[in-house]
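Quick mapping for you: the protein sequence lines, in order, are chains V and D.
The opening position of the first sequence corresponds to residue 19 in our numbering, with each subsequent residue numbered one higher.
The opening position of the second sequence corresponds to residue 19 in our numbering, with each subsequent residue numbered one higher.
Everything below concerns the one structure shown next.
Number of protein chains: 2
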Amino acid sequence: MGQQNQRAKAKLHSINAALESGGLQEVKRTINIGLAPAEVAHLIESSPPKVRKMLWELVETENEGEILQHLSDEISADFLNEMSTEQLVDLTSELDTDDVVDLLQQLPEKQSNDVLRGMDSENRSRLEAVLCYPEDSAGGLMNTDTVTVRADVTLDVVLRYLRRHRSLPEMTDNLLVINRNNEFIGILPINKLLVSDLNQTVREVMTTDTQIIHASLDEEDVAKIFERHDLVSAPVIDNHGKLIGRITIDDVVDVIRDTADHSMMSMAGLDEEEDTFAPAFKTGRRRAVWLGINLITAFIASAVIGLFSDTIERLVALAVLMPIVASMGGIAGSQVLTLVIRGQALGHISSGNIGWLLNRELAVGFFNGLLWAAVIGGITLFWFNDALLAGIIAAAIIINLVVAVLSGAALPIILKRQSIDPALAGGVILTTITDVVGFFSFLGLASILYL
Amino acid sequence: MGQQNQRAKAKLHSINAALESGGLQEVKRTINIGLAPAEVAHLIESSPPKVRKMLWELVETENEGEILQHLSDEISADFLNEMSTEQLVDLTSELDTDDVVDLLQQLPEKQSNDVLRGMDSENRSRLEAVLCYPEDSAGGLMNTDTVTVRADVTLDVVLRYLRRHRSLPEMTDNLLVINRNNEFIGILPINKLLVSDLNQTVREVMTTDTQIIHASLDEEDVAKIFERHDLVSAPVIDNHGKLIGRITIDDVVDVIRDTADHSMMSMAGLDEEEDTFAPAFKTGRRRAVWLGINLITAFIASAVIGLFSDTIERLVALAVLMPIVASMGGIAGSQVLTLVIRGQALGHISSGNIGWLLNRELAVGFFNGLLWAAVIGGITLFWFNDALLAGIIAAAIIINLVVAVLSGAALPIILKRQSIDPALAGGVILTTITDVVGFFSFLGLASILYL
Numbered sequence: 019m020g021q022q023n024q025r026a027k028a029k030l031h032s033i034n035a036a037l038e039s040g041g042l043q044e045v046k047r048t049i050n051i052g053l054a055p056a057e058v059a060h061l062i063e064s065s066p067p068k069v070r071k072m073l074w075e076l077v078e079t080e081n082e083g084e085i086l087q088h089l090s091d092e093i094s095a096d097f098l099n100e101m102s103t104e105q106l107v108d109l110t111s112e113l114d115t116d117d118v119v120d121l122l123q124q125l126p127e128k129q130s131n132d133v134l135r136g137m138d139s140e141n142r143s144r145l146e147a148v149l150c151y152p153e154d155s156a157g158g159l160m161n162t163d164t165v166t167v168r169a170d171v172t173l174d175v176v177l178r179y180l181r182r183h184r185s186l187p188e189m190t191d192n193l194l195v196i197n198r199n200n201e202f203i204g205i206l207p208i209n210k211l212l213v214s215d216l217n218q219t220v221r222e223v224m225t226t227d228t229q230i231i232h233a234s235l236d237e238e239d240v241a242k243i244f245e246r247h248d249l250v251s252a253p254v255i256d257n258h259g260k261l262i263g264r265i266t267i268d269d270v271v272d273v274i275r276d277t278a279d280h281s282m283m284s285m286a287g288l289d290e291e292e293d294t295f296a297p298a299f300k301t302g303r304r305r306a307v308w309l310g311i312n313l314i315t316a317f318i319a320s321a322v323i324g325l326f327s328d329t330i331e332r333l334v335a336l337a338v339l340m341p342i343v344a345s346m347g348g349i350a351g352s353q354v355l356t357l358v359i360r361g362q363a364l365g366h367i368s369s370g371n372i373g374w375l376l377n378r379e380l381a382v383g384f385f386n387g388l389l390w391a392a393v394i395g396g397i398t399l400f401w402f403n404d405a406l407l408a409g410i411i412a413a414a415i416i417i418n419l420v421v422a423v424l425s426g427a428a429l430p431i432i433l434k435r436q437s438i439d440p441a442l443a444g445g446v447i448l449t450t451i452t453d454v455v456g457f458f459s460f461l462g463l464a465s466i467l468y469l
Numbered sequence: 019m020g021q022q023n024q025r026a027k028a029k030l031h032s033i034n035a036a037l038e039s040g041g042l043q044e045v046k047r048t049i050n051i052g053l054a055p056a057e058v059a060h061l062i063e064s065s066p067p068k069v070r071k072m073l074w075e076l077v078e079t080e081n082e083g084e085i086l087q088h089l090s091d092e093i094s095a096d097f098l099n100e101m102s103t104e105q106l107v108d109l110t111s112e113l114d115t116d117d118v119v120d121l122l123q124q125l126p127e128k129q130s131n132d133v134l135r136g137m138d139s140e141n142r143s144r145l146e147a148v149l150c151y152p153e154d155s156a157g158g159l160m161n162t163d164t165v166t167v168r169a170d171v172t173l174d175v176v177l178r179y180l181r182r183h184r185s186l187p188e189m190t191d192n193l194l195v196i197n198r199n200n201e202f203i204g205i206l207p208i209n210k211l212l213v214s215d216l217n218q219t220v221r222e223v224m225t226t227d228t229q230i231i232h233a234s235l236d237e238e239d240v241a242k243i244f245e246r247h248d249l250v251s252a253p254v255i256d257n258h259g260k261l262i263g264r265i266t267i268d269d270v271v272d273v274i275r276d277t278a279d280h281s282m283m284s285m286a287g288l289d290e291e292e293d294t295f296a297p298a299f300k301t302g303r304r305r306a307v308w309l310g311i312n313l314i315t316a317f318i319a320s321a322v323i324g325l326f327s328d329t330i331e332r333l334v335a336l337a338v339l340m341p342i343v344a345s346m347g348g349i350a351g352s353q354v355l356t357l358v359i360r361g362q363a364l365g366h367i368s369s370g371n372i373g374w375l376l377n378r379e380l381a382v383g384f385f386n387g388l389l390w391a392a393v394i395g396g397i398t399l400f401w402f403n404d405a406l407l408a409g410i411i412a413a414a415i416i417i418n419l420v421v422a423v424l425s426g427a428a429l430p431i432i433l434k435r436q437s438i439d440p441a442l443a444g445g446v447i448l449t450t451i452t453d454v455v456g457f458f459s460f461l462g463l464a465s466i467l468y469l
């Protein structure tokens, strides 16, 4: 029954109960000893702001670093901003390079520099080597904790070398083989090391045909490589082929989740790091911006309707029916938009198949257009007993559905070529198109034919 | 520059070129030798149906199994349905248990049974042990390729035992420790094995405080455990604590991606397995259903407008402005809906914090309601020179925004309690609410005040 999972849930429940009854010592003990850092982070993320602050104050200093790693950027930034430079330096001394890099990137530049200056020079130069890469690149994801071997030693020597370590870095599934110039040559999978004849050399057993990641590669491409080749870790090299670090699957999983969330959240005008429990003013302010942008869309649609106010005055049934035309277009277009945006994220869309896609949408648009034009025309005839009106709305439906699906397919592709985020801008532009075309065709046809 | 990635892209490009020029031998060679199975699968997914069939025919029989694993369910089902039972039995003989289970679950029950009967009894009983678990549970995800050791042997013996293997299963990061009754006791991390004194016993070095997954655990909960504890693999036990298999991170990554895609795709009435390049009729038919459901929503809104057609006849400005009220409500509500649905997926929402969330939405709704009521009221006053109208639309905006954000927050929670998918049903219901409340409040107030 997922006992571990049940126990964690029970602990979270008892923490909430303890908080309510004031049993802070109990809560403090559970947070610092009873729960794993990721579970504490989850608890913090699931709590309203006041409870969150209280929980954070109960976290012992030595656990802060690990917990911060698991918090979303927005929430960890809040906590980090309250810490002094000395506190931050202490915090980072316990963490792996890639985790320190993540934390530093949440800080304003000045504070980040202060923290770097406060570290000892060895840590600082290691970090600066990684910080020079963009946050969303392989270099920004990697860790420097590689275990390397040379190609000309025997496996027996390798085993004895490993045994001299107190512990190996997490998720060390491959040893990285380098030459005397620190250039990457190949990997020696540990699983292979364990089953091979120990008298062989590394060179005889290693694999050179492996996925190598260049430090400048975009993190989403890194994620695709990991997914397609079922990797647990991969070496990272620089421009000169020198090994500079490695990426492990846990960081890639975060990228996959963020990328997947990004499309969905952006389509609603939200950031994928959005804090579910942000205070009212903070989230209200951000949402106001999105509402403002969409308001412009709404007024454009109203302006189109305004052009035909005389026609509506003469036939009020137009006002009753016109939202149907606009909304059907919006729904149909949004479907295609979502499909293509997801297709882009999965790397399905390329110049070779866009033409086929648009052709298919034309066919789908006509198919659904004719179908629903018939249904809506029929209902209109039944409701208003007006065959001309039924014909007009049927025609408008067909026009708007075809325009909607073609726009839904073409927009993400056009936007991406202009380096605009299709998930963020696509929906707003599409709605403007379907509203304008919907109202214009419906009311326009009515104006002409009811003259 | 991600050389491997560039080479893959170049190969895909040259395949498309070869296909166009008719160089099928070249394509056949690239598909079967030059590209990894996952890359071939990606190529197939990114191609229109006719090209897809052609590519599939060029795949050699021995590679079919691996490539099928990496294809989405919908596409692989198409290919599997064309194969005979004997072909399917041959296909599955080369694959791991968890991959065979995946394939069998794409087939109709009768054909799946035929394939099982065609296997040798050892394979069949292994599979049937796994197939008894639901597809979306830990049992449905797991593999049976565990490497087990007993607690009372020395590490030296363990190493010699491993060395007798020709190869170890992929992603073997831990050895699983069991007792004589096959009950799971703990894990022996390989990374720890490599650094420990070989004279110690397994018992002295193993870890018992580890994540154990029960076979009936939902796959999304499995994914959360993997993510929170940065696991690469985890043991799966049955009701009696006996070890029955293990789950590896590659399968969990698929679950994470599907879960994340599910919310976004469902909100547009699509399935997360939706094939970007499905033929027009197939996808058109599915989308017609979604359009039909939303049409009902649209007609309900029209019916509300119809109640007030007299009022609109007397003041046509109402027809021009009413879509603004409805759409602002829709946008605001969709934002919250998306936020809460994502919050549910991440496990943030619980009975303890729903109250706080709804209170916050009330505050946000008022804040944005007042702000945009003022803006829209102002624009209306300027446009139509009618203070009463401006006041009416301002009031309607406040009402609709507050209702919209409260509904957006409450709906997913209510739907989930009723075991209805919030991502699928939430948007449709929300739009109905915001349209009805928007039109009713705006036109209703106008009817009363303009009497």
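The beta-carbon is built from N, C-alpha and C at its ideal position, and this holds for glycine as well.
With fewer than 16 other Cβ atoms from the protein chains shown falling within 10 Å of its own Cβ, residue 310 (chain V) counts as exposed.
When the beta-carbon positions are compared, residue 340 (chain D) and residue 457 (chain D) come within less than 7 angstroms of each other. Every alpha helix (DSSP H) of 4 residues or more that sits fully in the stretch 306-369 of chain D is shown, in chain order, as 327-332 and 335-363. For the beta strand (DSSP E) assignment, the uninterrupted runs of no fewer than 3 residues enclosed by the stretch 170-220 of chain V are, from N- to C-terminal side, 192-196 and 202-207.
If you look at residue 398 (chain D), you'll find it in the alpha helix (DSSP H) that goes 372-402. Under the DSSP assignment, residue 165 (chain D) falls outside any beta strand (DSSP E); it carries neither an H nor an E label.
The C-beta of residue 126 (chain V) has fewer than 16 other C-beta atoms within 10 Å across all chains shown, which makes the residue exposed. Going by DSSP, residue 252 (chain V) is part of the beta strand (DSSP E) stretching over 251-255. Taking C-alpha positions only, residue 454 (chain V) is separated from residue 76 (chain D) by approximately 48 angstroms. Between residue 318 (chain D) and chain V, the shortest Cβ-Cβ separation is not below 7 angstroms. Within the stretch 388-408 of chain D, those residues whose Cβ lies closer than 8 angstroms to any Cβ of chain V are, in chain order, 389, 390, 393, 394 and 397.
Inclusion of residue 201 (chain D) and residue 260 (chain D) in the CB contact set at 7 angstroms is warranted, their separation being smaller than that value.
When 7 angstroms is used as the limit between beta carbons, residue 190 (chain D) is near these residues of chain V: 209, in chain order.
When the beta-carbon positions are compared, residue 276 (chain V) and residue 290 (chain V) come within less than 7 angstroms of each other.
Closest option to residue 373 (chain D), judged by alpha-carbon separation, among V:305, V:65, V:41 and V:35: V:65. One thing to note: residue 106 (chain V) has its Cβ within 7 angstroms of the Cβ of residue 133 (chain V).
Of all alpha-carbon atoms in D:380, D:210, D:103 and D:438, the one lying nearest the alpha-carbon of residue 416 (chain D) is that of D:380. At a Cβ-Cβ threshold of 7 angstroms, residue 254 (chain D) and residue 262 (chain D) count as neighbours.
Going by DSSP, residue 109 (chain V) is part of the alpha helix (DSSP H) stretching over 103-111. Going by DSSP, residue 261 (chain D) is part of the beta strand (DSSP E) stretching over 261-266. Residue 190 (chain D) is not a Cβ neighbour of residue 204 (chain D), given a cutoff of 7 angstroms.
Taking one beta carbon from each stretch, the stretch 425-444 of chain V and the stretch 324-334 of chain V have fewer than 3 pairs nearer than 8 angstroms; the two do not touch. Three or more Cβ pairs closer than 8 angstroms define a contact, and the stretch 146-162 of chain D falls short of that threshold against the stretch 159-175 of chain V. The stretch 237-248 of chain D makes no contact with the stretch 294-307 of chain D: fewer than 3 CB pairs, one atom from each, lie closer than 8 angstroms. In the three-state scheme derived from DSSP, where H, G and I count as helix and E and B as strand, residue 231 (chain V) is classed as strand.
Contact with chain V is absent for residue 280 (chain D), since none of that chain's Cβ atoms lies less than 7 angstroms from the residue's Cβ.
By the criterion of a C-beta distance shorter than 7 angstroms, residue 322 (chain D) is surrounded in its chain by 454, 457 and 458, once the five residues flanking it on both sides are discounted. Pairwise C-beta distances place the stretch 303-319 of chain V out of contact with the stretch 386-396 of chain V, as fewer than three of them are shorter than 8 angstroms. Under the 7 angstroms criterion on CB atoms, residue 250 (chain D) is classed as interfacial with respect to chain V. In the three-state reduction of the DSSP assignment, residue 452 (chain V) falls in the helix class. With fewer than 16 other Cβ atoms inside 10 Å of its own Cβ, residue 102 (chain D) counts as exposed.
Taking CB atoms only, residue 165 (chain V) has no neighbour in chain D less than 7 angstroms away. Counting C-beta atoms within 10 angstroms of its own C-beta, residue 35 (chain V) has fewer than 16 neighbours from the protein chains shown and is therefore classed as exposed. Along the stretch 55-95 of chain V, the alpha helix (DSSP H) occurs as fully enclosed runs of 4 or more residues at 55-63, 67-76 and 79-88, listed in sequence order.
Following the DSSP letters along the chain, one finds residue 141 (chain D) inside the alpha helix (DSSP H) bounded by residues 139-149.
Looking only at V:366, V:104 and V:162, the smallest Cα-Cα distance to residue 144 (chain V) is reached by V:162.
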